[in-house]
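Asker: Quick one: this structure, given as structure tokens, is what I'll be asking you about.
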Amino acid sequence: MLDDGVLIFYLMIEMENISLRSAVRVIRAFAARETVLVVAVAAALASCALVPPDAGYAAYVDWHTLALLFCLMAVVSGFRSLGVLDAAGAWLVARARTQRAVAGVLVGLAFFASMAVTNDVALITFVPLALVVLRRAGMEGRMCLVATLMTIAANLGSMFTPVGNPQNLYLFTASGMGVGEFLQLMGPYTAASGAMLALACVLRVRGDEVRGAGGVGRFASSGGFSFDDTADNPAMQVPPARWTAPQGSAPDCMPARSANGASPAFSSIESASLECFTVRSRKRLAMYGVLFACCLAAVLGVLDVRVLLALVLVSVSLSDASLLRRVDWGLLATFAALFVFVGNMGRVPVLHEALSAAVGGNALLAAVGGSQVISNVPAAVLLSGFTNQWQALIVGTNLGGLGTLIASMASLITFKAVMVGRPGIRGRYLLVFTAWNIAFLAALLALAVVLGAV
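Mapping of the sequence shown onto UniProt numbering: position 61 corresponds to residue 61, and the numbering continues sequentially without gaps.
This is the structure:
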């Protein structure tokens with residue numbers, strides 16, 4: 001009986017050890033995935049030792065910005081769930097006949113889409129498409145270059161609009177700046193960025209015709225848009241565009257197949273039509289379109305953000321509640337933690353004065369420098385607590401997204417996708433990425449000097 005008791009005791013200890021090890025692995029995985037959030041929460045908790053929690057904490061958090069950010073993320077997730085962006089991107093790429101045109105379309109997609117759907121979503125959507133397209137077009141040698149230019153394009157294209165990235169939305173709301181003033185501020189940098197990206201594609205990508213018939217995609221026999229090369233690569237899998245014929249009709253909008261069941265590469269996408277969406281998809285597409293317009297109205301101050309929040313919560317919950325799980329709750333929590341940290345630092349006179357003096361010297365360069373270390377979204381929140389140079393912060397945090405791999409967390413999206421698809425090119429990718437980012441950052445900082453922003 002004693003032996004049985006000892007055995008049970010040891011089994012219980014071993015089970016506790018296994019549970020502990022599992023918990024440690026989960027925590028480590030979470031910390032690796034949400035490093036910025038973990039650091040922000042740690043900083044917020046540490047600041048609580050200087051300023052014990054009280055009623056003043058409630059005023060720290062910018063609930064208006066958090067609500068807007070949540071609504072935008074939920075609505076954009078709705079668009080992605082329909083595969084609209086994927087299908088539109090594939091349709092455009094299908095019309096490219098040369099390697100230079102393929103690269104130009106991919107970079108252009110990231111650049112312009114990011115202005116409306118944020119840099120993160122543009123990269124999440126179009127980088128997997130790009131990896132497949134480049135492989136099928138015989139452009140594997142240009143993968144590092146095109147992926148890097150797409151990342152730069154998403155980061156720089158997103159700086160043009162208040163909804164292009166999280167730091168823009170926060171700084172635009174906090175500053176009370178008008179939309180016209182914002183667009184005028186960022187217009188020159190966006191135009192210069194677009195011109196440099198176009199020049200890079202022209203000079204660094206050859207105008208050779210795409211290999212073979214130029215095919216990058218095909219319609220599966222089931223009627224859904226698919227990429228053959230994505231089956232075994234999670235990072236390259238794209239949510240399928242739901243091309244479905246209206247009930248009771250033949251899928252006339254689908255391309256004809258050859259005798260062996262294969263379909264022409266480019267023509268299969270060119271012949272696709274948005275008419276293939278089901279009525280349900282059209283209704284949801286229209287609903288998300290209306291909600292997105294409401295988001296823009298709230299950003300402009302025309303619609304009360306509380307009304308917008310109610311509309312989005314009710315609409316999304318009734319149409320597809322799973323979209324709520326796709327919202328980047330980690331980003332929202334990061335903002336909340338940073339608000340607490342900045343609020344506490346502002347209530348410590350010595351620290352506030354020191355930090356204000358350090359940032360006030362040149363807020364633009366401080367934002368660029370801070371972004372290289374802690375990423376541009378945290379830099380925007382932190383620095384905004386110690387200066388009211390809003391224009392300098394907006395320009396600085398956007399240009400600061402260039403440089404190191406963590407200067408913009410969106411850059412990690414491309415890096416992870418490329419590493420899963422081609423882990424052997426890690427060193428080469430980082431070299432190409434860093435070189436091009438530094439070149440773009442130097443050129444845009446020179447433009448800032450010319451414009452008198454520095």
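Built from N, CA and C at the ideal position, the CB exists for glycine as well.
For the alpha helix (DSSP H) containing R135, name the first residue and the last one.
Answerer: Here the alpha helix (DSSP H) through R135 covers N119 to R136.
Asker: Report the rounded CA-to-CA distance for A286 versus L183, giving the unit in angstroms.
Answerer: Near 27 Å, if we compare the C-alpha coordinates of L183 and A286.
Asker: Go ahead and label A154 buried or exposed: buried means 16 or more other beta carbons lie within 10 angstroms of its beta carbon, across all protein chains shown.
Answerer: So A154 counts as buried.
Asker: Which whole-angstrom value is the C-beta distance of C144 and V432, which I expect to be below 8 Å?
Answerer: Indeed they touch by this definition, with Cβ atoms about 4 Å apart.
Asker: Can you tell me whether T404 is helix, strand or coil according to DSSP?
Answerer: T404: coil per DSSP, three-state reduction.
Asker: Check the DSSP bridge columns for T98 and list the partner residues they point to.
Answerer: In DSSP, T98 forms a bridge with E209.
Asker: Quick one: Cα of L445 to Cα of T190, how far?
Answerer: Using only the alpha carbons, I get a separation of about 13 Å.
Asker: Do the stretch 293–304 and the stretch 62–82 meet, that is, are 3 or more Cβ pairs less than 8 Å apart?
Answerer: A contact exists between the stretch 293–304 and the stretch 62–82.
Asker: Where does the unbroken alpha helix (DSSP H) through A363 begin, and where does it stop?
Answerer: A363 to I374 is the extent of the alpha helix (DSSP H) around A363.
Asker: Please state whether the Cβ-Cβ distance between D208 and Q372 is less than 8 Å.
Answerer: Taking 8 Å as the Cβ cut-off, D208 and Q372 do not qualify as a contacting pair.
Asker: Given a cut-off of 8 Å on the beta-carbon distance, is the pair L185 and I394 in contact?
Answerer: Yes; because the gap between Cβ atoms is below 8 Å, this pair is in contact.
Asker: Consider the Cβ of A23: report whether some Cβ of chain C lies at a distance smaller than 8 Å.
Answerer: The structure shown contains no chain C; it is built from a single protein chain.
Asker: N119 and A448: beta carbons closer than 8 Å?
Answerer: Cβ distance not < 8 Å, so N119 and A448 don't count as in contact.
Asker: Along the alpha helix (DSSP H) that carries E353, what are the first and last residues, could you check?
Answerer: Segment P349 to G360, the alpha helix (DSSP H) holding E353.
Asker: Helix, strand or coil for P52 per DSSP?
Answerer: Correct three-state label for P52: coil.
Asker: According to DSSP, simplified to helix, strand and coil, what is L444?
Answerer: Looking at L444 - three-state DSSP - the assignment turns out to be helix.
Asker: In angstroms with no decimal places, state the Cα-to-Cα distance between R422 and A58.
Answerer: Cα to Cα, the separation comes out at about 47 Å.
Asker: Taking the alpha carbon of P188 as the reference point, which residue from A407, V102, D62 and F160 has its own alpha carbon closest?
Answerer: It is F160 whose Cα lies nearest to the Cα of P188.
Asker: When you compare each of L92, A357 and V163 to A116 by their alpha carbons, which one comes out closest?
Answerer: Comparing Cα positions, the closest option is V163.
Asker: Helix, strand or coil for V420? Go by DSSP, reduced to three states.
Answerer: The answer is helix: DSSP assigns V420 an H, G or I state.
Asker: Rounded to the nearest angstrom, how far is the Cβ of A113 from that of V205, given a contact under 8 Å?
Answerer: Wrong, their Cβ atoms sit about 20 Å apart, outside the cutoff.
Asker: For R21, which residues of its own chain have a beta-carbon under 6 Å away from its beta-carbon, when the five flanking residues on both sides are left out?
Answerer: Cβ within range, chain order: n/a, list empty.
Asker: Check this for me: beta carbons of T434 and T151, under 8 Å apart or not?
Answerer: No, Cβ-Cβ distance for T434 and T151 is not below 8 Å.
Asker: For G401 and V368, I'd like the C-alpha separation in whole angstroms.
Answerer: Rounded to whole angstroms, G401 to V368 spans 8 Å at the Cα level.
Asker: Are the Cβ atoms of V381 and F339 separated by less than 8 Å?
Answerer: Yes, the Cβ-Cβ distance between V381 and F339 is below 8 Å.
Asker: Does DSSP classify V26 as helix, strand or coil?
Answerer: Here V26 sits in helix by DSSP.
Asker: Would you say the beta carbon of A58 comes nearer than 7 Å to a heavy atom of the ligand GDP?
Answerer: Of the ligands one can find in the structure shown there are none, so the ligand GDP has no counterpart to examine.
Asker: State the start and end residues of the unbroken alpha helix (DSSP H) segment that holds Q391.
Answerer: Here the alpha helix (DSSP H) through Q391 covers W390 to L399.
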